[in-house]
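For the sequence shown, my numbering gives the first residue as 204, with consecutive numbering after it. Ideal Cβ placement from N, Cα and C applies to all residues, glycine included. Notes for the one structure printed next.
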Amino acid sequence: MSASVTVRVPAKVNVQLAVGAARPDGFHDLANVFLAVSLYDEVTATACDSLTVTCEGRDADQVPLDRTNLAARAAQMLAARAGLAPSVHLHIAKNIPVAGGMAGGSADGAAALLACDALWGLDTPVEDLLPLCAELGSDVPFSLVGGAALGTGRGEILTPVAAGPFHWVFAVADGGLSTPAVFREFDRLAEGREIPVPQASPALLAALASGDPDALAATLANDLQPAALSLRPSLADTLAAGTDAGALAALVSGSGPTTAFLVRDPEAASKVAAALEASATCRSTHTATSPALGARVLS
Ligand code: C5P
Numbered sequence: 204m205s206a207s208v209t210v211r212v213p214a215k216v217n218v219q220l221a222v223g224a225a226r227p228d229g230f231h232d233l234a235n236v237f238l239a240v241s242l243y244d245e246v247t248a249t250a251c252d253s254l255t256v257t258c259e260g261r262d263a264d265q266v267p268l269d270r271t272n273l274a275a276r277a278a279q280m281l282a283a284r285a286g287l288a289p290s291v292h293l294h295i296a297k298n299i300p301v302a303g304g305m306a307g308g309s310a311d312g313a314a315a316l317l318a319c320d321a322l323w324g325l326d327t328p329v330e331d332l333l334p335l336c337a338e339l340g341s342d343v344p345f346s347l348v349g350g351a352a353l354g355t356g357r358g359e360i361l362t363p364v365a366a367g368p369f370h371w372v373f374a375v376a377d378g379g380l381s382t383p384a385v386f387r388e389f390d391r392l393a394e395g396r397e398i399p400v401p402q403a404s405p406a407l408l409a410a411l412a413s414g415d416p417d418a419l420a421a422t423l424a425n426d427l428q429p430a431a432l433s434l435r436p437s438l439a440d441t442l443a444a445g446t447d448a449g450a451l452a453a454l455v456s457g458s459g460p461t462t463a464f465l466v467r468d469p470e471a472a473s474k475v476a477a478a479l480e481a482s483a484t485c486r487s488t489h490t491a492t493s494p495a496l497g498a499r500v501l502s
């Protein structure tokens, strides 16, 4: 056992997010092609008398530090399963936008699970951690495994898919969007319409595997985008600023409000990021590559 364990965990973008009708349990069936990107949070678990959470980073004040925090819930869940007390201090170094549609909270949940598992010397196999992740949230299993995967069910049933390297720019918006609110807006916009069963696009999966950014740009699709734009119309200006600057494609990341721009290479990434910053249509930008590894112990 070590005194302290740090886990690094990536953000995600959904290159396809096909959304079905609301289920009786309130969730939506998805065909969700997740891609992990090189924008990371770090969670450090340290032995402590009781369960406490601290957070640093630009939006740290928006992260709940009580037991509703997904990292705290992960520690409690793992401790209960192992018959231990959740005596751990969790420190989150936050870079992933908060409530931004990049699975930042889910990432912290997956990272805390792995960090506590190592701190407590449990050595739980990944296949036994995945059901705990699914209980924590629909996106948490993917945060643990990273890479590229198709998520079905409510997004928690993962099948790895092939992905070549791609370059991205992410524009962080002022303020977050509530995921449940975006799904509710999706339901409102879909009223009276037949919603097809969500299915992964073969063309998108082929483009993702090929590493051809033009092919991927032509197939990116997010069914939550109209709902996110309806709740935050100004995102249209951000999307336009990125495509005007030469992005191959622009889309809302997951439930938003972060927007994602696919670019050809690192030079294009710098140019698009600079144009977005100058446009005053977003708060800040990040450049990143994909696919990124999932949650990993650093120390
Ligand atoms: O699974 P998670 O707790 O992250 O989901 C947050 C919320 O997003 C859910 O309570 C639900 O309102 C919505 N959601 C959904 N369908 C999904 C995933 C999430 O409606 N497949």
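CA-CA distance, residue i and residue j?
i       : j       : result
Thr-462 : Val-291 : 35 Å
Ala-496 : Ala-431 : Looking at the sequence provided, one finds Leu at residue 496 rather than Ala. For Leu-496 and Ala-431, the distance between alpha carbons rounds to 28 Å.
Lys-474 : Ala-448 : 7 Å
Pro-227 : Thr-355 : 17 Å
Ala-315 : Ala-263 : 17 Å
Asp-326 : Ala-250 : 17 Å
His-231 : Pro-460 : 19 Å
Ser-433 : Ala-352 : 28 Å
Ser-437 : Gly-286 : 49 Å
His-489 : Gln-265 : 19 Å
Leu-408 : Leu-479 : 28 Å
Ala-366 : Gly-445 : 23 Å
Pro-405 : Ala-206 : 47 Å
Leu-442 : Leu-361 : 29 Å
Arg-357 : Ala-421 : 25 Å
Ala-412 : Pro-363 : 11 Å
Val-329 : Arg-391 : 38 Å
Ala-481 : Ser-458 : 25 Å
Arg-435 : Phe-373 : 17 Å
Thr-271 : Arg-387 : 22 Å
Do residue i and residue j have their C-beta atoms closer together than 8 Å?
i       : j       : result
Val-256 : Leu-501 : no
Leu-465 : Trp-323 : no
Leu-238 : Leu-220 : no
Gly-349 : Ser-456 : no
Pro-469 : Gly-414 : no
Leu-281 : Leu-339 : no
Pro-300 : Val-385 : no
Phe-389 : Asp-331 : no
Ala-248 : Ala-306 : no
Gly-229 : Ala-302 : no
Ala-410 : Ala-403 : no
Val-216 : Tyr-243 : no
Leu-454 : Arg-467 : no
Ala-283 : Cys-319 : no
Should residue i be labelled buried (16 or more other beta-carbon atoms within 10 Å of its own) or exposed?
i       : result
Ala-288 : exposed
Gly-312 : buried
Arg-261 : exposed
Val-400 : exposed
Gln-428 : buried
Asp-269 : exposed
Arg-276 : buried
Ser-253 : exposed
Arg-396 : exposed
Ala-477 : exposed
Ala-471 : buried
Pro-267 : exposed
Which whole-angstrom value describes the C-beta separation of residue i and residue j, a residue pair presumed to lie in contact below a C-beta threshold of 8 Å?
i       : j       : result
Ala-491 : Val-222 : Not quite, the Cβ-Cβ distance comes to about 24 Å (not below 8 Å), so this is no contact.
Asp-440 : Thr-484 : 4 Å
Leu-317 : Leu-333 : Their Cβ separation, rounded to whole angstroms, is 12 Å, which puts Leu-317 and Leu-333 out of contact at 8 Å.
Ala-321 : Val-208 : 4 Å
By Cβ distance below 7 Å, which residues in the same chain neighbour residue i in space, the five residues on each side in sequence not counted?
i       : result
Glu-359 : Ala-337, Ser-341 and Pro-344
Ala-393 : none
Asp-377 : Arg-486
Skipping 5 residues on each side, what residues in its chain have a beta carbon closer than 8 Å to that of residue i?
i       : result
Glu-259 : His-294, Ile-295, Ala-296 and Lys-297
Leu-273 : Gly-308, Ser-309, Asp-311, Gly-312, Ala-315, Leu-339, Gly-340 and Val-343
For residue i, which residues from the same chain have a beta carbon less than 6 Å from its beta carbon, with the 5 sequence-adjacent residues on both sides left out?
i       : result
Val-185 : This structure gives no information on residue 185, because the portion of the chain shown stretches from 204 to 502.
Ser-487 : Val-375
Ala-498 : Val-210, Val-212, Ala-313, Ala-314, Leu-317 and Leu-347
Ala-224 : Ile-398
Ser-493 : Leu-238, Val-240 and Phe-369
So with Cβ pairs under 8 Å, would you call residue i a contact of chain D?
i       : result
Phe-230 : The structure shown contains no chain D, having only a single protein chain.
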